[in-house]
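**Q**
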Amino acid sequence: MELRRHSAFNPAVSVTLLVEPNVHKAGFIVDLNSGYTASSTSNRLAASTQSVFSCCACCASQSAHTTRSARYTCDLEEGEHAALSWKEMTQSLQLRKISVAETIPLRHSVLWPDKPASYVRLPEDDLGFHYGAFISSSSVTPIAVISIFVEPLPSSESPDAPGHAAARFRKFACEPSHQGQGVETALLRHVFHVAQSELGCSAMWCDARVSSSRWYERRGLVGFGDVFLKGGIEYIRMKIEF
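Take the sequence shown: its position 140, counted from the start at 1, is 144 in this note's numbering, and no numbers get skipped.
1. From which residue to which residue does the beta strand (DSSP E) around residue 239 run?
2. Would you be able to state if there are at least three C-beta pairs under 8 Å between the stretch 142-150 and the stretch 174-192?
3. So what's residue 116 in DSSP terms, helix, strand or just coil?
4. What residues are listed by DSSP as bridge partners for residue 98?
5. Is it a yes or a no for the stretch 123-142 touching the stretch 94-107, going by three-plus beta-carbon pairs under 8 Å?
6. Does the Cβ of residue 232 have 16 or more other Cβ atoms within 10 Å, making it buried, or fewer, making it exposed?
7. Near residue 115, which residues of its chain fall below 6 Å by C-beta distance, leaving aside the five closest residues on each side in sequence?
8. Contact defined as beta carbons within less than 8 Å: I believe residue 138 pairs with residue 100. What is the distance between those atoms, to the nearest angstrom?
9. Could you tell me the alpha carbon to alpha carbon distance between residue 227 and residue 142, rounded to whole angstroms?
10. Ordered along the chain, which non-local residues of its own chain (more than five positions away) have a Cβ less than 8 Å from that of residue 239?
11. Taking the C-alpha atoms as reference points, what is the distance between residue 111 and residue 235?
12. Any heavy atom of the ligand GTP closer than 7 Å to the CB of residue 215?
13. With 16 other CB atoms within 10 Å as the buried threshold, where does residue 237 fall?
14. Sorted by chain position, which residues of the same chain lie with C-beta nearer than 8 Å to residue 187's C-beta, five sequence neighbours on each side aside?
Okay, structure coming up:
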């Protein structure tokens, strides 16, 4: 993969490209003060100050946060040549707080389709904060959902010092037809911000399916503890510190 910096932008920028062999999935982080074009023989991604800022505005418009960087992932067909900006792919994406009831359909259909719908309802749901990603501001059905709870890191991972509260995210699900388009990453980063800025947390953690652990690692989380089984599926705990 080749990186080429646009000379019109500030060269002080950190850009990371992540490519999985045979999948043609690429991701990048672009500082708002700079612009890069990343290209290879099979795919090409373009980013600029304007396009990245426009994407982040989908969160800022909800008075949620202002960010200095953004990450985007996409899947490209083999041999396809594309010049895609974040703005073109996610300019209409809306991230907002939702009710518990709005999370249930995706929790059920994506995470535990073989279980009754009651299986995905958590006893703690009424104490949590629930968020959804929507295709546009007029959409009423979320394409991705996530729930967060103020909950300390388990066992020895829990800090002793006061002021080091942690939050846990659970029941993170995205409609299959919208997976791999940056929706999950945008929603996850949104709740990172909520946990840090609104809930005063310095860390966030989850019970991640082992099959998804690499995806979380690429977004800054690290595993801790042993692998365990839940509902016949292997899980590992993962965390990120702010």
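Ideal placement from N, C-alpha and C gives every residue a C-beta, glycine not left out.
**A** With the given structure in hand:
1. 237-245
2. yes
3. coil
4. Paired residue(s): 138.
5. Contact between the stretch 123-142 and the stretch 94-107 is present: 3 or more CB-CB pairs across the two stretches fall below 8 Å.
6. exposed
7. 177
8. 7 Å
9. 38 Å
10. 211, 212, 213, 214, 231, 232, 233
11. 15 Å
12. Among the components of this structure there are no ligands whatsoever, and the ligand GTP is therefore not found.
13. Counting C-beta atoms within 10 angstroms of its own C-beta, residue 237 has fewer than 16 neighbours from the protein chains shown and is therefore classed as exposed.
14. 94, 97, 137, 147, 148, 178
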